[in-house]
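Worksheet: the structure to be examined is printed underneath.
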Amino acid sequence: MAVPDAMKLQFILAEEQSIMTQAALLEQVKSLQPYLDSAHIKASPDHATKLQRLSQIHLQQQDQCEAVTETIRLLLEDYNKMTLLLSKQFVQWDEMLTQLEAAKQVKPTPE
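Per UniProt numbering, the sequence shown starts with residue 1, numbered consecutively.
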């Protein structure tokens, strides 16, 4: 099916603004092409392998950090338990000492 030239022209004129916008964008891409061809962009595969290696190291360090955090949490928990037990023991000793001192003062002196 052949499309008449007049209809083609109307279609092009209707899309003129869009075509101009696309042309301007293509010109902008063309002007930025040297940046895409730069050594930095061309070296990106090398950086990708380095980044992969660094990501692995980061994951290992994260695991180590979690292990150290858990160890410290357990140590603090043990410390708190020990401190509580010592505190209770000191209170008991203080009560015993108080009772012994009170008993010593109450003792009648022999005549």
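Just so it is clear, CB atoms sit at the ideal spot from N, CA and C, and this is done for glycine as well.
### Cα-Cα separation between residue 35 and residue 21, rounded to whole angstroms
Start at 1 with the first residue of the sequence shown, and residue 35 comes out as number 35. Start at 1 with the first residue of the sequence shown, and residue 21 comes out as number 21. A direct Cα-Cα distance of roughly 22 angstroms separates residue 35 from residue 21.
### Query
residue 68 to residue 87, Cα distance in whole Å?
Residue mapping note: residue 68 aligns to position 68 of the sequence shown, counting from 1. Residue mapping note: residue 87 aligns to position 87 of the sequence shown, counting from 1. Each residue's Cα considered, the two are about 28 angstroms apart.
### Query
DSSP on residue 46, reduced to helix/strand/coil?
Position 46 of the sequence shown, counting from 1, holds the residue named residue 46. The three-state reading of DSSP puts residue 46 in helix, counting H, G and I together.
#### Entry: For residue 20, the three-state DSSP class (helix, strand or coil)
Along the sequence shown, one-based indexing puts residue 20 at 20. Residue 20: helix per DSSP, three-state reduction.
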